[in-house]
């Protein structure tokens with residue numbers, strides 16, 4: 021089975037978590053940052069995992085069960101680990117691979133430079149994942165809708181709420197533990 025098809029069809033479930041945990045990052049000679057998953061055919065950009073989590077969160081309108089919240093949080097940590105490991109690997113790459121990487125990501129650098137400060141030096145997906153107007157999309161599973169918060173913690177939220185995640189239509193409150 022193809023890796024991209026499998027990931028794009030995944031839900032916030034233990035199967036998706038299992039796939040994410042098996043993911044291994046690498047960089048091609050041509051500067052392409054990708055993952056492979058043993059047992060699946062092909063390779064996919066690391067951004068494929070982050071994009072899928074972002075889309076799932078948006079499709080569910082930022083409302084998920086406690087199990088989905090826990091799984092999403094673990095998947096988010098794995099995505100961060102893959103990005104970090106890939107950054108370390110990139111630092112050890114030869115000059116040609118670095119040049120190809122720069123050229124491959126040049127459109128994102130240009131478009132991001134007009135909208136962000138400091139200018140972004142990563143893909144638009146990674147930018148959204150790790151720095152969306154000061155919010156970290158990877159931390160979205162720490163936030164609750166008003167109804168979820170009151171149900172989970174038994175009282176109205178006393179923390180600040182957020183309304184800045186991409187695709188967000190409801191206010192979200194940070195859990196009292198964060």
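In our numbering, the protein residues as written are 21 to 198. Think of the CB as a built atom: it goes at the ideal place given N, C-alpha and C, for glycine as much as any other residue. Quick caveat, the model's predicted, so the values are computed rather than measured.
Problem - residue 144 beta carbon less than 9 angstroms from that of residue 103 - result: no
Problem - Nearest-angstrom Cα separation, counted from residue 166 out to residue 189 - result: About 12 angstroms.
Problem - Cβ neighbours of residue 124 in the same chain (closer than 7 angstroms, five flanking residues each side left out) - result: Exclusion of the five residues before and after residue 124 leaves 51 and 52 as the residues of its chain whose Cβ lies within less than 7 angstroms of its Cβ.
Problem - Sub-9 angstroms separation of residue 172 and residue 80 beta-carbons - result: For the 9 angstroms CB-CB criterion, residue 172 and residue 80 do not form a contact.
Problem - Length at least 3, wholly inside the segment 31 to 61: the beta strand (DSSP E) runs in chain order - result: 44 to 47 and 53 to 56
Practice task
Would you mind working out which of 35, 176, 29 and 161 sits nearest residue 83, comparing C-alpha positions?
Solution key: When only C-alpha atoms are compared, the closest one is 161.
Problem - In DSSP terms, what residue 64 is bridged to - result: 55
Exercise for the section: Using three-state DSSP, classify residue 156 as helix, strand or coil. Expected result: coil
Practice task
To the nearest angstrom, report how far apart residue 38 and residue 106 are at their CA atoms.
Solution key: 20 angstroms
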